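In terms of our numbering, the sequence shown opens at residue 8 and continues consecutively. Ideal Cβ positions, reconstructed from N, Cα and C, are used throughout, including at glycine. These numbers come from a predicted model, not from an experiment.
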Amino acid sequence: MLSCAGADRLQQGMRQSYGKPYGTAARVSIGQVLMSVRTKEQFVPNALEACRRAKFKFPGRQVVCTSQYWGFTNIPRDEFLDQLESKKVVSAGSHVKRVRAKGKINETNAFAERATVCAA
Numbered sequence: 008m009l010s011c012a013g014a015d016r017l018q019q020g021m022r023q024s025y026g027k028p029y030g031t032a033a034r035v036s037i038g039q040v041l042m043s044v045r046t047k048e049q050f051v052p053n054a055l056e057a058c059r060r061a062k063f064k065f066p067g068r069q070v071v072c073t074s075q076y077w078g079f080t081n082i083p084r085d086e087f088l089d090q091l092e093s094k095k096v097v098s099a100g101s102h103v104k105r106v107r108a109k110g111k112i113n114e115t116n117a118f119a120e121r122a123t124v125c126a127a
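Here is the structure:
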């Protein structure tokens, strides 16, 4: 044990050594995404309001913004529906797969036919 001024802030010994965790923390960088929400167009105002209220629960200054991309993909919104109609992308759950014009012709046609069945 230290016996000088400020020693109580230097050592804590066995204090809170058992039981439940005292707290949790995450190391985040400036500009790092803390939360992302995917929703339908009609619920965007509700999602923005929910994120606005949630940002007060985090320390520091948080910014709520909307993405220019479709869902969690890297395809811009205005291009996504055009690519979906022209069968250049296929829905695969929470993401999409791009249809490439590579490989055998039979396999490429079969993949495009499966894309038509999934889109319907």
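Residue 79 beta carbon less than 9 Å from that of residue 101 = yes
For residue 51, count neighbouring Cβ atoms within 10 angstroms of its own Cβ and tell me buried if that reaches 16, exposed if not.
-> exposed
Straight-line CA distance for residue 71 to residue 58?
-> 7 Å
Where DSSP assigns a beta bridge to residue 98, which residues make up the other side?
-> 103
Locate the alpha helix (DSSP H) running through residue 90, then write down its first and last residues.
-> 84-92
Cα-Cα separation between residue 136 and residue 49, rounded to whole angstroms = Only positions 8 to 127 of the chain appear in this structure, which leaves residue 136 out of reach.
Could you work out which residue in 76, 42, 74 is closest to residue 60 when comparing CA atoms only?
-> 42
Could you tell me the boundaries of the alpha helix (DSSP H) in which residue 58 lies?
-> 51-61
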